[in-house]
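Enquirer:
Numbering (the numbering used here), first residue to last: 3 to 333.
(1) For a minimum of 3 consecutive residues, which ranges assigned as the beta strand (DSSP E) are wholly contained in the stretch 210 to 294?
(2) Measuring alpha carbon to alpha carbon, tell me which residue in 272, 204, 184 is nearest residue 294.
(3) Could you tell me the distance, in whole angstroms, from the CA atom of residue 95 to the CA atom of residue 102?
(4) Rounded to the nearest angstrom, what separates residue 214 and residue 260 at their Cα positions?
(5) Which value, in whole angstroms, describes the spacing of the CA atoms of residue 157 and residue 117?
(6) Would you decide whether residue 165 is buried or exposed? Buried here means 16 or more other CB atoms lie within 10 Å of its CB.
(7) For residue 238, count neighbouring Cβ atoms within 10 angstroms of its own Cβ and tell me buried if that reaches 16, exposed if not.
(8) Do you know how far the Cα of residue 206 is from the Cα of residue 275?
(9) State the CB to CB distance for the pair residue 83 and residue 14, rounded to an integer number of angstroms; the pair is presumed to be in contact (CB under 8 Å).
(10) Using only alpha-carbon positions, find the residue among 115, 140, 210 that is nearest to residue 128.
(11) Going by alpha carbons, who is nearest to residue 31 out of 110, 45, 41?
(12) Tell me the rounded alpha-carbon separation between residue 28 and residue 139.
(13) Which same chain residues end up closer than 6 Å to residue 21 when comparing Cβ atoms and leaving out the 5 residues on each side of it in sequence?
(14) Under 7 Å between the Cβ atoms of residue 136 and residue 154?
(15) CA-CA distance, residue 132 and residue 90?
(16) Determine which residues share a DSSP beta bridge with residue 137 and list them.
(17) Throw me the rounded Cβ distance for the residue 314 and residue 292 pair, which I believe falls under 8 Å.
(18) Looking at C-alpha atoms only, which residue of 34, 33, 41, 149 is the closest neighbour of residue 279?
(19) Count the other CB atoms within 10 Å of the CB of residue 192; is the residue buried (16 or more) or exposed (fewer)?
(20) Is residue 169 helix, strand or coil when you go by DSSP?
(21) Rounded to whole angstroms, what is the Cα-Cα separation between residue 318 and residue 208?
(22) Have a look at residue 98 and residue 250 and give me their C-alpha separation to the nearest angstrom.
(23) Consult DSSP for residue 26 and reduce its assignment to one of helix, strand or coil.
(24) Would residue 245 and residue 300 be called neighbours here (beta carbons separated by less than 7 Å)?
(25) How would you call residue 24, buried or exposed, if buried means at least 16 neighbouring beta carbons within 10 angstroms?
(26) Roughly how many whole angstroms lie between the Cα atoms of residue 233 and residue 104?
(27) Measure the Cβ-Cβ separation of residue 311 and residue 290 and say whether it is below 7 Å.
(28) Out of 256, 100, 296, 39, point me to the one whose CA is closest to residue 219's CA.
(29) Strictly by DSSP, which residues pair up with residue 201?
(30) Restricting to runs no shorter than 3 residues, where is the beta strand (DSSP E) found entirely within the stretch 81 to 108?
(31) Is the beta carbon of residue 26 less than 7 Å from the beta carbon of residue 262?
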């Protein structure tokens, strides 16, 4: 028997950024909804965000909500029923009246090296000549690369995923460090181009961004029918991991200018999380781990963040904020 959605409107509208990756992710969510409710019509509405329009390095933009604020506004103002986000792009605090109503099964969370020679990502970075260029737009990845290979030249690497992959193929950089999930999603959706040669980095040391590899579905909390529709699509394991990692980031007030990472892994009723916090030049790089019950996912994330703060993280954040205050204002 086909389940009924309880949704009374003519069509369910998903708001999404307009990049190929974002639309692929929206189609993944739409496919999950159709599989559960085959009679429900679904429309995808594209939104241009401030992050799409601003080509400055993330650290110079303020970094919070660059790819989510305008998409979220479509839901808040009633033009869409849900917003489909890359969970790592979401701000710690959502708009009043909105919440994450679904976290689907998570994709690969690790970073990968694109380009270079060797087996693992570590081997490829290790095999680069001093002064070789590594492309990334992430302060976290920049710090991790500088910690591992301070003799490499880490360069700013903005653009959508297709653009960045093309830059590697064209030799604009020797290698790039990117998220595995986005590349895998594009190649899993009938991409005609052959998958790029990827080499994974061990996430136990190369700690991913909080919620990397996860999608988050945001809706208004006063829309009970929408909330209930997506309840069946939530993956409890992914939800617990994302909850822990977002709590970690929120406690550290992490934006794009703060090199931090958190990776929570659920096994049964147990959760283990690794945390990372560094100065942009990796002169100070802090790591810690914590374990506990899945039911305490949020509090474990906060506790892990506080452990890093107590071991020098306060000084790291003070240094980052002081540097932000001395930077010239954008034109």
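Virtual Cβ for every residue (Gly too), placed ideally from N, Cα, C.
Expert: Once the coordinates are examined:
(1) Fully enclosed beta strand (DSSP E) runs of 3 or longer: 217 to 222, 262 to 269, 272 to 280.
(2) Nearest Cα to residue 294 within the set 272, 204, 184: 272.
(3) 11 Å
(4) Going by C-alpha positions, residue 214 is about 15 Å away from residue 260.
(5) 15 Å
(6) exposed
(7) Exposed, because fewer than 16 other Cβ atoms sit within 10 Å of the Cβ of residue 238.
(8) 10 Å
(9) Contact holds; Cβ gap of about 5 Å.
(10) Among 115, 140, 210, the Cα nearest to that of residue 128 is on 115.
(11) 45
(12) 23 Å
(13) Contacts found: 162.
(14) yes
(15) The alpha-carbon separation between residue 132 and residue 90 amounts to approximately 32 Å.
(16) 157, 178
(17) So it is not a contact: roughly 17 Å between Cβ atoms.
(18) 149
(19) The predicted position of residue 192 is uncertain, since its pLDDT is 47 and thus under 50; no value can be drawn from it.
(20) helix
(21) 19 Å
(22) Each residue's Cα considered, the two are about 21 Å apart.
(23) Here residue 26 sits in helix by DSSP.
(24) yes
(25) Buried.
(26) 6 Å
(27) no
(28) 100
(29) 115
(30) 84 to 88, 100 to 104
(31) no
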